[in-house]
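> I have a structure I would like to understand better, so I am pasting it below and will then ask my questions one at a time.
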Amino acid sequence: MLHFACFKLARNRLWQMRLVDTAKIERLADSFYEIAINHLELIGNRNRDPNILVRAVRYLEQIDALPPTDDDAQWFQQTLSVLLELACPSVRHTEESCEFLNDVEEGIAEGRSDLIEPESYNTIRR
Numbered sequence: 179m180l181h182f183a184c185f186k187l188a189r190n191r192l193w194q195m196r197l198v199d200t201a202k203i204e205r206l207a208d209s210f211y212e213i214a215i216n217h218l219e220l221i222g223n224r225n226r227d228p229n230i231l232v233r234a235v236r237y238l239e240q241i242d243a244l245p246p247t248d249d250d251a252q253w254f255q256q257t258l259s260v261l262l263e264l265a266c267p268s269v270r271h272t273e274e275s276c277e278f279l280n281d282v283e284e285g286i287a288e289g290r291s292d293l294i295e296p297e298s299y300n301t302i303r304r
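Everything in the sequence shown is counted per the numbering used here, starting at 179 for the first residue and increasing by one.
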């Protein structure tokens, strides 16, 4: 399931650049997968469901804020690390860092209020 999510993300990223070489997509997906599974220890240490990786990769596929990457997976490593730190904190937060977490919570609430209906991915529920 994780590798398939990585494949879909790689395909999405490369197709935006009009590159459809399936071997290149598979290589990028393999890179994404290797990066993702390196986070399993952190997730396990936090007693979290390892399927959070699949959900995080699917989330990255859904958002369009990521740059086309060619075959560079560095952005994936950095972005996945940030998402997982938010979902599975590895440090205790200060009052200052909690101020940003409040901003993140507000953004999450806003994102959930604009949930796309599963049967129609072209409409936004208000």
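A virtual CB, placed ideally from N, CA and C, is assigned to each residue, including glycine.
(1) Determine the direct distance from the alpha carbon of GLU284 to that of LEU261, and round the result to whole angstroms.
(2) Could you tell me if ILE286 is buried or exposed, where buried requires 16 or more neighbouring beta carbons within 10 angstroms of its beta carbon?
(3) Identify every run of the alpha helix (DSSP H) within the stretch 208-284, keeping only runs that are complete inside it and at least 4 residues long; order them along the chain.
(4) So, do the stretch 206-219 and the stretch 183-193 have three or more beta carbon pairs nearer to each other than 8 Å?
(5) For PHE278, is the classification buried or exposed, using 16 other Cβ atoms within 10 angstroms of its Cβ as the cut-off for buried?
(6) Find the nearest neighbour of GLU212 within the set GLY289, GLU288 and LEU231, judged by alpha-carbon distance.
(7) Quick check: what's the CA-CA separation for SER259 versus CYS276?
(8) Among LEU264, VAL235 and ARG226, whose alpha-carbon lies nearest the alpha-carbon of ASN190?
Short version:
(1) 16 Å
(2) exposed
(3) 218-223, 230-240 and 252-265
(4) yes
(5) exposed
(6) LEU231
(7) 18 Å
(8) VAL235
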